[in-house]
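*Asks:* Chains as they are written, first to last, in the working numbering: chain A, 218 to 639; chain B, 48 to 157.
Glycine included, each C-beta is placed from N, C-alpha and C at the ideal position.
#1: Check for me: the beta strand (DSSP E) holding residue 108 of chain B runs from which residue to which?
#2: Rounded to the nearest angstrom, how far is the Cβ of residue 571 of chain A from that of residue 590 of chain A, given a contact under 8 Å?
#3: Answer yes if the segment 478-486 of chain A comes into contact with the segment 539-552 of chain A, meaning at least three C-beta pairs across the two stretches below 8 Å, and no otherwise.
#4: Grab me the residues of residue 556 of chain A's own chain with a C-beta within less than 7 Å of its C-beta, minus the 5 sequence neighbours each way, in chain order.
#5: Are the CB atoms of residue 255 of chain A and residue 288 of chain A nearer to each other than 8 Å?
#6: According to DSSP, what are the bridge partners of residue 475 of chain A?
#7: Give the C-beta separation of residue 99 of chain B and residue 149 of chain B to the nearest angstrom, bearing in mind that I take them to be a contact with Cβ-Cβ under 8 Å.
#8: Rounded to whole angstroms, what's the CA-CA distance from residue 619 of chain A to residue 350 of chain A? Just pull it up for me.
#9: Quick one: using the 10 Å Cβ neighbour count with 16 as the cut-off for buried, is residue 553 of chain A buried or exposed?
#10: State whether the segment 48-64 of chain B contacts the segment 489-501 of chain A, with contact taken as three or more CB pairs (one from each stretch) at a distance under 8 Å.
#11: Check whether the Cβ atoms of residue 69 of chain B and residue 123 of chain B lie closer than 8 Å to each other.
#12: Verify the CB distance criterion: does residue 672 of chain A have a CB-CB separation below 8 Å to chain B?
#13: By Cβ distance, which residues of its chain are closer than 7 Å to residue 561 of chain A, with the 5 residues on each side in sequence left out?
#14: Could you give the C-beta distance for residue 280 of chain A and residue 259 of chain A, rounded to a whole number, given that I count them as a contact under 8 Å?
#15: Counting C-beta neighbours from all protein chains within 10 Å, is the total for residue 305 of chain A 16 or more, i.e. buried, or is it exposed?
#16: How long is the line joining the alpha carbons of residue 389 of chain A and residue 577 of chain A, rounded to whole angstroms?
#17: Classify residue 228 of chain A as buried or exposed, calling it buried when 16 or more other Cβ atoms lie within 10 Å of its own Cβ.
#18: Does any CB atom of chain E fall closer than 8 Å to the CB of residue 89 of chain B?
#19: Please report the residue range of the beta strand (DSSP E) in which residue 67 of chain B lies.
#20: Just curious, the alpha helix (DSSP H) that residue 590 of chain A is in, first and last residue?
#21: For residue 462 of chain A, which residues in the same chain have their Cβ closer than 8 Å to its Cβ, ignoring the five residues on either side in sequence?
#22: Go ahead and pull the three-state DSSP assignment for residue 629 of chain A.
#23: Do you know whose CA, among A:521, A:440, A:385, lies nearest residue 93 of chain B's CA?
#24: Please return the same chain residues whose Cβ sits closer than 6 Å to the Cβ of residue 410 of chain A, not counting the five positions on each side in sequence.
#25: With a threshold of 8 Å, are at least 3 pairs of Cβ atoms found where one atom belongs to the segment 326-344 of chain A and the other to the segment 438-456 of chain A?
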């Protein structure tokens with residue numbers, strides 16, 4: 218532990234600038250591994266020189282120059298096979314080189330987008346895109362990512378190594394997609410961000426209901442992309458994440474149990490996040506070029522506006538689900554719409570739709586379909602049906618708090634079966 | 048008559064034969080005027096599959112997955128990078144019906 222102010226300043230520079238420096242170094246050096254090594258060398262040089270010479274006026278430019286210098290120097294020495302090469306004895310001093318060639322603001326800002334688009338390139342495996350984005354763009358360590366996704370660290374490290382080799386060997390370019398390619402490529406980036414968010418917000422398995430750190434990273438990524446490329450769907454996704462995040466405190470009880478939306482204490486919702494999310498949804502909707510993230514965010518915003526569950530504008534929500542179904546049809550959207558219909562028109566109407574979905578064979582193994590069905594049957598007093606559906610949902614859930622929630626619901630069903638009144 | 052000779056190897060045997068030996072073989076064919084083109088390929092991990100469905104290009108990691116699909120032809124193209132190669136692959140008509148695996152060529156290590 219060091220408390221020396223220069224070291225503290227270097228630490229702060231690392232937190233603020235290391236990812237931008239890395240993004241530029243990858244462009245200049247053309248290789249992820251070489252750039253990462255150069256980044257470390259640059260900070261090592263800073264630790265040596267800055268206490269002596271003071272912190273440079275533009276630390277980021279200094280670090281890029283130092284990193285590039287060290288990398289080129291290293292490559293040169295390696296190619297000479299100099300047997301007398303002695304790293305420890307060599308002077309580590311570097312001067313800030315001519316920065317004009319790379320340092321104009323536009324290309325440096327673009328470097329961060331280049332990095333994101335390269336990490337989320339569709340030619341990389343989906344899980345590798347996530348791992349590489351968290352590693353390179355967010356700066357998480359391999360161990361942190363492995364822990365967050367409950368994956369062994371060596372597996373995750375291997376995934377990252379493979380992805381980097383593919384970038385190099387198949388020559389995936391380090392560039393922002395052309396306008397013609399952009400929609401598809403941006404979809405891939407947004408999908409990665411949303412998957413990271415969801416893994417943090419509704420951890421798909423394990424003891425904890427949420428992993429706040431992953432959600433925070435996803436929101437940070439969302440803000441970054443929104444700042445660099447404010448396309449409507451980017452704003453829509455950021456809004457969606459902020460609106461969900463606003464309920465984080467209220468959706469778990471102090472003992473870590475799941476609290477349903479209609480039972481949440483809405484005074485604990487984060488008003489600042491709701492205000493920001495709602496503003497972003499409006500901006501995205503006004504563009505008239507929005508897609509499914511924006512519509513989902515709009516639905517979330519309608520919930521956020523209601524002082525309590527009863528006061529929710531269910532008609533508006535069903536209408537938004539209709540729009541969502543037309544742009545992005547899926548059985549899960551149909552299920553969510555059915556739940557909203559049940560709130561607007563009564564449980565019977567919602568149950569009819571859910572039974573139709575299940576009868577088609579869709580969502581038979583989706584725990585939330587059975588949980589929703591169980592809830593509607595319970596409200597209709599159909600105890601046997603409710604029990605069967607709760608049991609099915611419990612069998613399908615891999616997440617402890619959710620299992621306990623469903624088991625509580627099941628236990629609260631009337632134990633005495635209703636006997637026919639005839 | 049032209050024939051395409053496809054070379055198959057298990058992953059751990061990819062480097063079982065020295066590149067120099069392959070080069071010598073190619074040079075021999077070239078001298079006798081029978082060789083049209085020959086290239087070594089990067090391993091399967093570098094493969095990318097391109098499909099076009101309903102006018103939309105889909106790009107996925109890995110080699111083609113449908114076992115029912117059989118090798119039906121090939122294009123050897125010169126592209127600046129993978130993105131350009133993907134754009135070319137998407138223009139190959141059978142990409143609409145089946146899939147086109149894009150695999151980088153490997154320079155022989157001689």
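*Replies:* According to the structure data:
#1: 103-108
#2: 5 Å
#3: Too few Cβ pairs lie closer than 8 Å, so no.
#4: For residue 556 of chain A, the CB contacts under 7 Å within the same chain, skipping 5 residues up- and downstream, are 567, 589 in chain order.
#5: yes
#6: A:469
#7: Actually they are not in contact, since the Cβ atoms of residue 99 of chain B and residue 149 of chain B sit about 13 Å apart, beyond 8 Å.
#8: 29 Å
#9: buried
#10: no
#11: For residue 69 of chain B and residue 123 of chain B, no; Cβs fall outside 8 Å.
#12: Lying before the first or after the last residue shown, residue 672 of chain A is absent from chain A, which here runs from 218 to 639.
#13: 531, 532, 535
#14: 5 Å
#15: Since pLDDT at residue 305 of chain A reaches only 40, below the 50 mark, its modelled position is unreliable, and the value read off the structure follows with that caveat. Residue 305 of chain A is exposed by the Cβ-count criterion.
#16: 42 Å
#17: Around the Cβ of residue 228 of chain A, a 10 Å sphere holds fewer than 16 other Cβ atoms; the residue is exposed.
#18: Among the chains of the structure shown, chain E does not appear; the protein chains present are A and B.
#19: Here residue 67 of chain B belongs to no beta strand (DSSP E); instead the alpha helix (DSSP H) covers 66-78.
#20: 584-596
#21: 418, 432, 436, 487, 490
#22: In the displayed model, residue 629 of chain A falls within coil according to three-state DSSP, outside both helix and strand.
#23: Looking at the Cα atoms, A:385 is the closest of the given residues.
#24: Counting only Cβ-Cβ distances below 6 Å, and skipping sequence neighbours, we find 435, 438, 439.
#25: yes
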